[in-house]
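The block underneath contains the structure these notes are about, expressed in structure tokens.
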Amino acid sequence: MKPKRNIWLMYAIALLQGMVFYGPIATLYRQSAGITVFQITIIESISLALCILLELPWGIVADRIGYRKTMLFCCGLYFISKIVFWKATNFEAFLTERILLSIVVSGLSGLESSILYLSCNKDESQKVFGIYNYLLTTGMLFASAVYSLVIKDNYRAAGLLTVYSYGIAAILAFWLIEVKSNNGKKKKEITGDFIILLRQILKKKYFVLFLIGVALLNETHQTITVFLNQLQYVKSGLTDAAIGYIYIGVTLVGLLGTFSERLTRMLGTMKFTFILYGMSVIACIILGLTVNAYLSIGSIAILRVSFSLFQPLQMELQNRQVISQNRATELSINSVIMSCVGIATNLIYGKLADINSSLPMFTGSLMCFAGLLLIVIWHTNGKVPVDNNNLK
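Residue numbers 322 to 713, in our numbering, belong to the letters of the sequence shown in order.
As structure tokens, then:
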């Protein structure tokens, strides 16, 4: 019998871990402690590099000690990382928080979905995943509303409330039931599969170009809508409370990603891709040119919509390219390749932002345009499997 209790506990954990009360002002929080934008992106790049290095070891550890113990450790370390962030006052402290977070993120990679999948009936899994992601977003929206209505400009209070929510989530993890079977592969087999698949993927040069093209949009969206957006809002004369409300609105706009499949069927894959990347290029150019609050908010929202609509499509395209039975491992390798791109783009955006806040916006438009060109090259020259959603 499936342990349904796990599903409800994971739902509660998702809701609580979505409550990052400092989310709307994460960059301003760090800047108030004397951290520059370039230092923030250095920390992000180190974090990405660690996630890459820890991806395979964590998979081996989870298979050896079980999913419940891994989840307990990660939730506990997540809680500790939020305490460090709350108390952080210098570069070293914020770097320590991000190192802890890297250990957590690489440990949770695939773990949450595995626990949910093994705790429900197979015909319920898509619904369960949908509710789980919905609750993550709900927690984020709730925390943003509390920040705007109650906390306002008290950054440290936002950090403390986040500590409380993650602490409760860590406690709930103790009631999870182990769902992993003991028939996992041995360490040497897992490592061997990873290395073989990595070599096979790197031989598909056009597909690697596709992954880089996807990563350029992903990282442009991540850097601008998570970090640089706050600098843009401040430049436009918006208050901290207003930034919180905008954060809620932009997050809600991201839910339009559910229309991705329908729009892909209507327009065709490549035409839809052209539109989304084109919208991103235009949004970045506007952000580089304007200090108008409405244009800034609209451009950030367009960038979020473009990213949200493209994610389901690019994941399907990645899945069509899978060449082995080890689907999860292969997709994990794709993620590693894209993360390598993120390490470089983070440093570029951060350095440019310290010079002039408009420079990374213009660079973002170039990155998105380059990403589109790489996807066109892949589509033109690569062997692309075709299914019912014909690539047009």
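By construction, the Cβ of each residue, glycine as well, lies at the ideal position given by its N, Cα and C atoms.
DSSP state of residue i, grouped into three classes?
i, result
"Asn-454", "helix"
"Lys-672", "helix"
"Met-340", "coil"
"Gln-639", "helix"
"Val-500", "coil"
"Leu-429", "helix"
"Cys-441", "coil"
"Tyr-468", "helix"
"Lys-323", "coil"
"Ser-435", "helix"
"Thr-684", "helix"
"Val-555", "helix"
"Ile-334", "helix"
"Ser-679", "coil"
"Gly-663", "helix"
"Gly-589", "coil"
"Val-484", "helix"
"Thr-544", "helix"
"Phe-628", "helix"
"Thr-417", "helix"
"Asn-539", "helix"
"Thr-560", "coil"
"Asn-702", "helix"
"Gln-550", "According to the sequence displayed, residue 550 carries Asn and not Gln. Correct three-state label for Asn-550: helix."
"Asn-655", "helix"
"Asp-708", "Per-residue confidence for Asp-708 stands at a pLDDT of 46, beneath the threshold of 50, marking its modelled position as unreliable; no derived number is given."
"Thr-594", "helix"
"Met-612", "The residue you asked about is not Met; residue 612 is Val in the sequence shown. It is coil, neither helix nor strand."
"Lys-526", "helix"
"Ile-424", "helix"
"Lys-448", "helix"
Can you name, in chain order, every residue of its own chain whose Cβ lies under 6 angstroms from the Cβ of residue i, other than the five neighbours on each side?
i, result
"Glu-433", "none"
"Val-602", "Ser-686, Cys-689, Phe-690"
"Tyr-487", "Tyr-399, Phe-400, Lys-403"
"His-542", "Leu-624, Phe-628"
"Gly-575", "Arg-625, Ser-629"
"Gly-570", "none"
"Lys-672", "Phe-359"
"Ile-658", "Leu-532"
Near residue i, what residues of its chain come up, given a Cβ to Cβ distance below 7 angstroms and the 5 sequence neighbours on each side ignored?
i, result
"Asp-474", "Asp-561"
"Asn-327", "Ile-436, Ser-440, Leu-497, Ile-498, Val-500"
"Ser-427", "Cys-372, Leu-375, Glu-376, Trp-379"
"Ile-452", "Tyr-332"
"Phe-342", "Ala-464, Val-467, Tyr-468, Ile-472, Ala-479, Leu-482, Thr-483"
"Leu-493", "Leu-330, Ala-333, Ile-334"
"Ser-660", "Leu-369, Cys-372, Ile-373"
"Ala-409", "Ala-354, Phe-415, Glu-418"
"Ala-490", "Ile-334, Leu-337, Gln-338, Cys-396"
"Met-392", "Leu-432, Ile-436, Ala-494, Leu-497"
"Ile-669", "Thr-684"
"Lys-323", "Ser-440, Cys-441, Asn-442"
I'd like the list of long-range same chain contacts for residue i, defined as Cβ closer than 8 angstroms, with 5 residues on each side in sequence excluded.
i, result
"Ile-420", "Ile-367, Ser-368, Leu-371"
"Ile-654", "Phe-515, Leu-518, Leu-519, Ile-522"
"Phe-394", "Gly-428"
"Met-461", "Gly-339, Met-340, Val-341, Gly-344, Thr-572"
"Trp-407", "Arg-477, Gly-480, Leu-481, Thr-483, Val-484"
"Val-697", "Met-591"
"Tyr-350", "Tyr-343, Tyr-476, Ala-479, Gly-480"
"His-596", "Residue identity check: residue 596 is Ile in the sequence provided, not His. Result list for Ile-596: Leu-588, in chain order."
"Thr-459", "Leu-336, Gly-339"
Can you confirm whether residue i, when its beta carbon is compared against all beta carbons of chain B, has any partner nearer than 8 angstroms?
i, result
"Ala-414", "Looking at the structure shown, chain B is missing, and only one protein chain is on hand."
Would the stretch 437 to 455 and the stretch 391 to 406 be scored as touching if the rule is three or more Cβ pairs under 8 angstroms?
Short answer: they don't touch.
Does the count of Cβ pairs from the stretch 523 to 530 and the stretch 452 to 467 closer than 8 angstroms reach three?
Judged by Cβ distances under 8 angstroms, the stretch 523 to 530 makes no contact with the stretch 452 to 467, as fewer than three pairs qualify.
Where in the stretch 340 to 414 do unbroken runs of the beta strand (DSSP E), each at least 3 residues long, occur, reported from the N-terminal end onward?
Counting whole runs of 3 or more residues, the stretch 340 to 414 contains no beta strand (DSSP E) stretch at all.
Quick one: any contact between the stretch 626 to 633 and the stretch 572 to 582, if contact means 3 or more CB pairs under 8 angstroms?
Yes, they touch.
Are three or more beta carbon pairs between the stretch 383 to 395 and the stretch 408 to 418 nearer than 8 angstroms?
With a cut-off of 8 angstroms on Cβ pairs, the stretch 383 to 395 is not in contact with the stretch 408 to 418, counting fewer than three such pairs.
Between the stretch 333 to 340 and the stretch 617 to 627, are three or more C-beta pairs nearer than 8 angstroms?
In short, these stretches do not touch, since the Cβ pair count stays below three.
With a cut-off of 8 angstroms, do at least 3 Cβ pairs link the stretch 605 to 619 to the stretch 662 to 670?
Judged by Cβ distances under 8 angstroms, the stretch 605 to 619 makes no contact with the stretch 662 to 670, as fewer than three pairs qualify.
Are there three or more Cβ pairs, one per stretch, closer than 8 angstroms when the stretch 349 to 364 is compared with the stretch 671 to 683?
The stretch 349 to 364 is in contact with the stretch 671 to 683.
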